[in-house]
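Participant: Residue numbers (this note's numbering): 1141 to 1305.
Using N, Cα and C, we set each Cβ at its ideal position, and we do this for glycine too.
1) Inspect the CB distances between the segment 1275-1289 and the segment 1190-1200 and report whether three or more fall short of 8 Å.
2) Look at the Cβ atom of residue 1208, then the Cβ atom of residue 1249, and state whether they are nearer than 8 Å.
3) When the distance is taken between beta carbons, is residue 1199 closer than 8 Å to residue 1189?
4) Ends of the alpha helix (DSSP H) at residue 1164?
5) I need the straight-line Cα distance from residue 1143 to residue 1236, nearest angstrom please.
6) For residue 1154, report the span of its beta strand (DSSP E) as first-last.
7) Taking the runs of the beta strand (DSSP E) that are 3 residues or longer, which of them lie wholly in the segment 1162-1241?
8) Whole angstroms is fine: what's the gap from residue 1267's alpha carbon to residue 1152's?
Below, the structure written as structure tokens:
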């Protein structure tokens, strides 16, 4: 898949050595994980984090619209780097080791659920920020209604599981 045709930034794969089981990827120079960025910005201006949540929602919507399911969405698997032209921060998705292709809203809903659980456990008291991410996701995807409906179902299953044991 050509990662650039869908406006989703990810490291370029330069070479795969099947003999030694090595993958040679682009080094994202000057980047910071979204996890570290949120931790360092949480006490700062709220609009910076709001913009980040919006950008995350838009990128994830594009990825899911192309039927790519990441499989391990966390703020540690997202990098921010300064954009070459605008100076604006560019969001780069990394670690597609568990990714797969699926058109099923269930799979995409689970992807978003994994992100939600990781997001809220890593960044306490950011529920409103995650809601902004979901709002941007919904506004950016033609298929978002079915995915968010499945996300709600997955949330309910998760709650039942934690109550039962």
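Facilitator: In short:
1) With a cut-off of 8 Å, the segment 1190-1200 and the segment 1275-1289 count as touching, because enough Cβ pairs lie within range.
2) no
3) No.
4) Per DSSP, residue 1164 is not a residue of any alpha helix (DSSP H); the beta strand (DSSP E) it occupies stretches across 1162-1165.
5) For residue 1143, the predicted model reports a pLDDT of 45, less than 50, meaning its position is unreliable and no value from the coordinates is stated.
6) Here the beta strand (DSSP E) through residue 1154 covers 1153-1157.
7) 1162-1165, 1218-1222, 1229-1233
8) 33 Å
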